[in-house]
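Trainee:
2 protein chains.
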Amino acid sequence: MTEELSGGDLHRLRQLNALTVMRTLRGGSALTLTELAQRTGLSRASTEDVVRDLLERGWVAEAELKVGTVGRPARRYRFRADAGRVLGVDIGGHKVLALLSDLDGEVLHSERVGVDPSMGRMERLAAVDRAIAGALAGAGVSTADVWATGVATTGLVDGTGRVMLSEALPEWTGVDVAGHVSRRVSGPVLVENDSKLAALAESWRGVARYAKDVVFLLAGLRTGAGLIIDGKLHRGFGNAAGEIGALPQVGWIRAQEHLKAWTPGPGVTNIFQAARDGDRKAVAAIRRYVKDIAVGASALVLTLDPELVVVGGGFSRSADLILGTLRAELDRRCIRTPEVRASALADEGVALGALRLALDHVDAALNRPGELAAPSSFLA
Amino acid sequence: MTEELSGGDLHRLRQLNALTVMRTLRGGSALTLTELAQRTGLSRASTEDVVRDLLERGWVAEAELKVGTVGRPARRYRFRADAGRVLGVDIGGHKVLALLSDLDGEVLHSERVGVDPSMGRMERLAAVDRAIAGALAGAGVSTADVWATGVATTGLVDGTGRVMLSEALPEWTGVDVAGHVSRRVSGPVLVENDSKLAALAESWRGVARYAKDVVFLLAGLRTGAGLIIDGKLHRGFGNAAGEIGALPQVGWIRAQEHLKAWTPGPGVTNIFQAARDGDRKAVAAIRRYVKDIAVGASALVLTLDPELVVVGGGFSRSADLILGTLRAELDRRCIRTPEVRASALADEGVALGALRLALDHVDAALNRPGELAAPSSFLA
DNA sequence: TTAATAATGATGGAATCCTGAATAATCATG
DNA sequence: CATGATTATTCAGGATTCCATCATTATTAA
Numbered sequence: 001m002t003e004e005l006s007g008g009d010l011h012r013l014r015q016l017n018a019l020t021v022m023r024t025l026r027g028g029s030a031l032t033l034t035e036l037a038q039r040t041g042l043s044r045a046s047t048e049d050v051v052r053d054l055l056e057r058g059w060v061a062e063a064e065l066k067v068g069t070v071g072r073p074a075r076r077y078r079f080r081a082d083a084g085r086v087l088g089v090d091i092g093g094h095k096v097l098a099l100l101s102d103l104d105g106e107v108l109h110s111e112r113v114g115v116d117p118s119m120g121r122m123e124r125l126a127a128v129d130r131a132i133a134g135a136l137a138g139a140g141v142s143t144a145d146v147w148a149t150g151v152a153t154t155g156l157v158d159g160t161g162r163v164m165l166s167e168a169l170p171e172w173t174g175v176d177v178a179g180h181v182s183r184r185v186s187g188p189v190l191v192e193n194d195s196k197l198a199a200l201a202e203s204w205r206g207v208a209r210y211a212k213d214v215v216f217l218l219a220g221l222r223t224g225a226g227l228i229i230d231g232k233l234h235r236g237f238g239n240a241a242g243e244i245g246a247l248p249q250v251g252w253i254r255a256q257e258h259l260k261a262w263t264p265g266p267g268v269t270n271i272f273q274a275a276r277d278g279d280r281k282a283v284a285a286i287r288r289y290v291k292d293i294a295v296g297a298s299a300l301v302l303t304l305d306p307e308l309v310v311v312g313g314g315f316s317r318s319a320d321l322i323l324g325t326l327r328a329e330l331d332r333r334c335i336r337t338p339e340v341r342a343s344a345l346a347d348e349g350v351a352l353g354a355l356r357l358a359l360d361h362v363d364a365a366l367n368r369p370g371e372l373a374a375p376s377s378f379l380a
Numbered sequence: 001m002t003e004e005l006s007g008g009d010l011h012r013l014r015q016l017n018a019l020t021v022m023r024t025l026r027g028g029s030a031l032t033l034t035e036l037a038q039r040t041g042l043s044r045a046s047t048e049d050v051v052r053d054l055l056e057r058g059w060v061a062e063a064e065l066k067v068g069t070v071g072r073p074a075r076r077y078r079f080r081a082d083a084g085r086v087l088g089v090d091i092g093g094h095k096v097l098a099l100l101s102d103l104d105g106e107v108l109h110s111e112r113v114g115v116d117p118s119m120g121r122m123e124r125l126a127a128v129d130r131a132i133a134g135a136l137a138g139a140g141v142s143t144a145d146v147w148a149t150g151v152a153t154t155g156l157v158d159g160t161g162r163v164m165l166s167e168a169l170p171e172w173t174g175v176d177v178a179g180h181v182s183r184r185v186s187g188p189v190l191v192e193n194d195s196k197l198a199a200l201a202e203s204w205r206g207v208a209r210y211a212k213d214v215v216f217l218l219a220g221l222r223t224g225a226g227l228i229i230d231g232k233l234h235r236g237f238g239n240a241a242g243e244i245g246a247l248p249q250v251g252w253i254r255a256q257e258h259l260k261a262w263t264p265g266p267g268v269t270n271i272f273q274a275a276r277d278g279d280r281k282a283v284a285a286i287r288r289y290v291k292d293i294a295v296g297a298s299a300l301v302l303t304l305d306p307e308l309v310v311v312g313g314g315f316s317r318s319a320d321l322i323l324g325t326l327r328a329e330l331d332r333r334c335i336r337t338p339e340v341r342a343s344a345l346a347d348e349g350v351a352l353g354a355l356r357l358a359l360d361h362v363d364a365a366l367n368r369p370g371e372l373a374a375p376s377s378f379l380a
């Protein structure tokens with residue numbers, strides 16, 4: 001949302017005012033003209049003018065009147081979140097999750113397809129197709145209604161939406177994810193690393209909503225990180241920001257070993273459950289795992305000095321067993337220990353981030369000076 | 001310079017246009033109205049109106065006519081960089097350097113006062129006073145003309161301009177730098193860590209001018225880092241960003257030991273000179289030093305994936321002996337190795353960064369909507 | 001039915017921008 | 001030294017947009 005403020009002629013001023021009206025309407029509920037005028041700082045008359053424009057162009061719609069108040073009932077206007085649809089897809093090792101939402105990011109349908117790390121790329125892509133088709137069908141939406149699609153995948157992603165390198169899924173390296181998905185939906189397809197998108201989701205709808213600088217740790221079968229800096233997702237020059245796990249000293253690769261080394265007792269398959277039940281060896285293994293993770297986390301924290309560290313990923317359900325040790329380790333290593341919290345987005349975080357990526361694309365078009373022509377301009 | 005674009009009434013539009021005119025004039029040479037109109041995108045008539053306003057309020061001045069062209073000679077207008085002065089001060093271990101510049105950042109006078117790491121805080125503050133007084137006197141400027149002052153110091157600086165912790169100068173911990181300097185100059189005093197300001201200087205006038213994401217390494221008797229992210233100085237939530245040296249594994253503290261362990265031969269006191277002259281032990285010591293530095297640098301680079309790493313500080317004069325090893329080490333450790341370059345700002349980098357800090361403050365006031373009242377408003 | 005309340009609609013004034021034509025200043029040339 | 005070419009400046013007219021104000025309209029409460 002940071003633009004160079006550049007002035008211009010009167011037409012541009014109207015555009016700017018139309019944008020502020022749109023932003024005020026966006027996400028919130030329907031507003032009357034008087035309310036809109038108050039919030040935007042414009043006069044009532046001008047607000048009316050702007051809204052008439054937006055109404056004609058299809059960006060806003062009239063909501064029902066609210067009855068039961070004294071005085072003449074006011075017309076109420078709302079953002080036409082139903083004018084288009086966006087799609088967010090998480091391609092993971094164990095599941096493919098597709099979320100279909102309206103332009104407010106309100107999820108209309110979610111479709112989950114189970115996959116397996118051992119699957120080949122064709123099988124996995126077929127699962128992606130099924131998830132997308134299911135999400136569209138479930139919401140009763142055709143591909144033409146989809147304005148933008150965000151896709152999350154493991155591994156490094158290049159500028160064209162191709163997977164440059166995936167350590168967790170070797171078969172996946174080199175797959176042209178954007179190309180494949182583009183053939184299934186209309187509109188632009190944006191592909192990004194899953195840890196980064198999970199971080200984005202936290203700063204959108206998660207526990208990091210009010211923080212400007214955030215380190216997000218994806219703790220699960222793989223370990224990864226995503227960075228929010230100054231409220232924005234930080235990608236890095238080569239899209240490789242946050243890949244601290246590659247540093248051998250950091251030991252994110254060997255961290256998992258501690259967990260794998262634990263042998264389940266009879267009837268218990270989950271190390272975290274075992275630890276809660278008092279299994280000493282499980283507790284110790286988890287502690288060693290967290291200590292390894294914490295080295296890399298310290299490097300991220302010392303580099304950025306964030307306000308908040310969020311732990312997400314599969315293991316965040318067992319935050320009670322992780323956060324204490326993590327806090328202690330960070331405290332030991334860092335100059336200023338940030339707040340440490342667990343994600344509350346369950347296993348939908350990554351897909352929500354993908355959704356947000358698609359929404360960002362729509363918003364950018366909304367804010368592009370000279371645009372705001374009409375919603376249908378997306379389909380051109 | 002990044003503001004939310006918010007629209008408003010016609011008066012606000014004029015303000016925005018006045019700002020774009022100011023930005024166009026800023027830093028560049030004098031321009032005619034026709035040139036200004038072309039660059040700002042405004043019509044000639046409106047540009048004239050805006051410039052008349054700015055002229056009346058004292059922000060711009062008429063420059064001399066340029067003769068020798070065909071046609072009626074055009075009036076030319078320039079930013080009144082001479083309307084005020086700013087001061088940048090670097091308080092280091094071995095010197096205090098004060099730069100006095102105009103509002104374009106053109107340095108008018110620089111004053112250097114030698115100090116010693118063993119000095120007490122009173123002695124050092126006295127040296128600061130002398131440097132400031134010398135810079136003012138040298139440029140023939142009174143304290144009242146100084147609109148803003150930036151100060152660089154070693155150690156962690158808190159929000160009020162007090163040194164929270166200085167490892168290099170233990171006596172310096174707790175000194176209220178902003179308070180002291182405020183009593184010597186008029187206008188606001190901004191204090192910041194020296195590594196951070198050196199980074200700022202590189203992205204302003206150094207080799208990092210065209211990079212958005214930069215890691216700056218201060219390599220000298222102390223080691224430090226400063227980060228430029230998305231074109232802006234990154235401070236962190238507690239102003240402790242870049243303090244990766246605190247991580248014991250990183251070894252920035254022991255790095256110096258390698259250099260100190262080298263014993264000078266007869267007639268040679270400088271390890272870098274010795275290395276150039278073929279002293280094997282000196283070469284090896286430097287290599288070990290750089291390898292230690294590189295561990296922390298790798299952590300910074302892996303975290304941020306910057307476009308560029310800049311090496312500054314006292315040792316950057318000997319970049320020929322450092323950069324090769326540093327590149328090789330980064331290459332070994334990082335996923336994508338950024339470009340590595342040496343600073344070209346000699347030992348004025350930190351002071352220039354302090355100057356930029358002061359100028360940023362002036363610019364912010366210039367860009368604050370509702371301001372742009374008159375230059376003299378700074379003195380109120 | 002009337003009073004109170006609050007939204008809508010219409011009018012006029014002011015600020016700002018743009019376009020285009022008339023005027024002014026300088027250089028080159030006969 | 002006058003004239004034309006060239007470019008700047010100045011001025012006038014028209015258009016857009018915003019704001020303030022007032023009359024009108026729709027609804028609830030008494």
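These protein sequence lines map, in sequence, to chains W and Y.
Start counting the first sequence at 1; every next residue gets the next number (UniProt numbering).
Start counting the second sequence at 1; every next residue gets the next number (UniProt numbering).
For each residue, glycine too, the CB sits at the ideal point set by N, CA and C.
Let me see if you follow: with CB-CB separation under 9 Å, is SER186/W close to chain Y or not?
Mentor: Not one chain Y Cβ lies under 9 Å of SER186/W.
Trainee: For a minimum of 4 consecutive residues, which ranges assigned as the alpha helix (DSSP H) are wholly contained in the segment 219–305 of chain W?
Mentor: Taking only runs of at least 4 residues, the alpha helix (DSSP H) segments lying wholly in the segment 219–305 of chain W are 252–261, 271–276 and 280–304.
Trainee: Contact between the segment 270–280 of chain Y and the segment 296–314 of chain Y: three or more CB pairs below 8 Å?
Mentor: The segment 270–280 of chain Y is not in contact with the segment 296–314 of chain Y.
Trainee: Please classify TYR289/W: is it buried, with 16 or more other beta-carbons within 10 angstroms of its beta-carbon, or exposed?
Mentor: So TYR289/W ends up on the buried side.
Trainee: Would you mind stating whether ALA131/W and MET119/W have Cβ atoms separated by less than 9 Å?
Mentor: No, the Cβ-Cβ distance between ALA131/W and MET119/W is not below 9 Å.
Trainee: Would you kindly check if the distance between the Cβ of ARG80/Y and the Cβ of ALA98/Y is under 9 Å?
Mentor: Not closer than 9 Å, so no.
Trainee: Is the distance from the Cβ of VAL70/W to the Cβ of ARG14/W below 9 Å?
Mentor: Going by C-beta atoms, VAL70/W is not nearer than 9 Å to ARG14/W.
Trainee: In terms of residues, what are the limits of the alpha helix (DSSP H) holding HIS11/W?
Mentor: 10–25 is the span of the alpha helix (DSSP H), which, as asked, contains HIS11/W.
Trainee: Report the rounded CA-to-CA distance for LEU100/Y versus ASP363/Y, giving the unit in angstroms.
Mentor: Approximately 17 Å, taken between the alpha carbons.
Trainee: With which residues is VAL311/Y paired in a DSSP beta bridge?
Mentor: LEU217/Y and ALA342/Y, per the DSSP bridge assignment.
Trainee: Report the start-end ranges of each beta strand (DSSP E) in the segment 114–199 of chain Y that is 3 residues or longer and not cut off at the edges.
Mentor: Qualifying beta strand (DSSP E) stretches, in chain order: 146–153, 163–165 and 189–193.
Trainee: Quick one: measure Cβ to Cβ for VAL175/Y and ARG162/Y, integer angstroms, because I've assumed they're closer than 8 Å.
Mentor: With 8 Å as the limit, VAL175/Y and ARG162/Y qualify as a contact, their Cβ atoms being about 7 Å apart.
Trainee: Tell me which residues of the segment 293–310 of chain W have at least one Cβ-Cβ distance to chain Y shorter than 9 Å, keeping chain order.
Mentor: Listed by position along the chain: VAL295, GLY296, SER298, ALA299, LEU300, LEU302, THR303, LEU304, ASP305, PRO306, GLU307 and LEU308.
Trainee: Per the DSSP calculation, VAL89/W is bridged to which residue(s)?
Mentor: For VAL89/W, which the question treats as bridged, DSSP gives the partners ALA98/W and VAL151/W.
Trainee: Is the shortest distance between the beta-carbon of ASN193/Y and the beta-carbons of chain W less than 9 Å?
Mentor: Not closer than 9 Å to any Cβ of chain W, the Cβ of ASN193/Y fails to qualify, so no.
Trainee: For LYS66/W, count neighbouring Cβ atoms within 10 angstroms of its own Cβ and tell me buried if that reaches 16, exposed if not.
Mentor: With fewer than 16 Cβ atoms within 10 Å of its Cβ, LYS66/W is classed as exposed.
Trainee: Could you check the C-alpha separation between ALA152/Y and ASP53/W for me, to the nearest Å?
Mentor: In a straight line, the C-alpha of ALA152/Y is about 52 Å away from that of ASP53/W.
Trainee: Are there three or more Cβ pairs, one per stretch, closer than 8 Å when the segment 310–317 of chain W is compared with the segment 228–242 of chain Y?
Mentor: Flag = no, the segment 310–317 of chain W and the segment 228–242 of chain Y do not touch.
Trainee: Among the candidates ARG57/Y, ARG336/Y and LEU169/Y, whose CA atom is the shortest distance from the CA of ASP158/W?
Mentor: The residue with the shortest Cα to Cα distance from ASP158/W is ARG336/Y.
Trainee: Helix, strand or coil for GLU35/W, going by three-state DSSP, please let me know.
Mentor: Helix, per DSSP.
Trainee: Between which two residues does the alpha helix (DSSP H) containing ALA61/W stretch?
Mentor: Here ALA61/W belongs to no alpha helix (DSSP H); instead the beta strand (DSSP E) covers 60–63.
Trainee: Scan the segment 235–255 of chain W for residues whose Cβ lies nearer than 9 Å to a Cβ of chain Y and list them as they occur along the chain.
Mentor: Residues ARG235, GLY236, PHE237, GLY238, ASN239, ALA240, ALA241, GLY242, GLU243, ILE244, GLY245, ALA246, LEU247, PRO248, GLN249 and VAL250.
Trainee: Which residue wins for smallest C-alpha separation from ARG222/Y, given the options ALA168/Y, MET164/Y and SER343/Y?
Mentor: The candidate whose alpha carbon is nearest that of ARG222/Y is ALA168/Y.
Trainee: Applying the 10 Å Cβ sphere with the 16-neighbour rule, what's the burial state of ASN17/W?
Mentor: Buried, by the Cβ-count rule.
Trainee: Let me know the secondary structure DSSP gives VAL107/Y once reduced to three states.
Mentor: The answer is strand: DSSP assigns VAL107/Y an E or B state.
Trainee: Would you list the one or two residues that DSSP bridges to ARG78/W?
Mentor: Partner(s): ALA61/W.
Trainee: Could you pull out every residue in the same chain whose Cβ sits closer than 8 Å to the Cβ of GLY231/W, ignoring the five residues on either side in sequence?
Mentor: Same-chain partners within the cutoff: SER203 and LYS212.
Trainee: Going along chain W in order, which residues have a C-beta closer than 9 Å to the C-beta of LEU13/Y?
Mentor: Here the neighbours are GLY7, GLY8, ASP9, LEU10, ARG12, LEU13 and LEU16.
Trainee: Using a Cβ-Cβ cut-off of less than 8 Å, give me the residues of the segment 328–359 of chain Y that come near chain W, in sequence order.
Mentor: Of all residues in the segment 328–359 of chain Y, ARG333, CYS334, ILE335, ARG336 and PRO338 have a Cβ within less than 8 Å of some Cβ in chain W.
Trainee: Based on the DSSP output, what are the partners of ARG112/Y in its beta bridges?
Mentor: According to DSSP, ARG112/Y bridges with LEU97/Y.
Trainee: Measuring CA to CA, which of GLU192/W, TYR210/W, ALA219/W and ASN270/W is closest to GLY236/W?
Mentor: Selected option, being the one with the closest Cα: GLU192/W.
Trainee: Who are the near neighbours of ALA380/W in its chain, counting only those whose CB is closer than 6 Å to its CB and skipping five residues on each side?
Mentor: With a pLDDT of 46 at ALA380/W, under the threshold of 50, the modelled position of this residue cannot be trusted, and the question is left open.
Trainee: Going by beta-carbon coordinates alone, are LEU218/Y and ALA225/Y separated by less than 9 Å?
Mentor: Contact: yes.
Trainee: Who are the neighbours of ASP230/W on chain Y, taking C-beta pairs under 8 Å?
Mentor: The answer, in chain order, is ILE229, ASP230, LYS232 and HIS234.
Trainee: Should GLY41/Y be flagged as near chain W, meaning a C-beta pair shorter than 9 Å?
Mentor: Chain W contact via Cβ: present.
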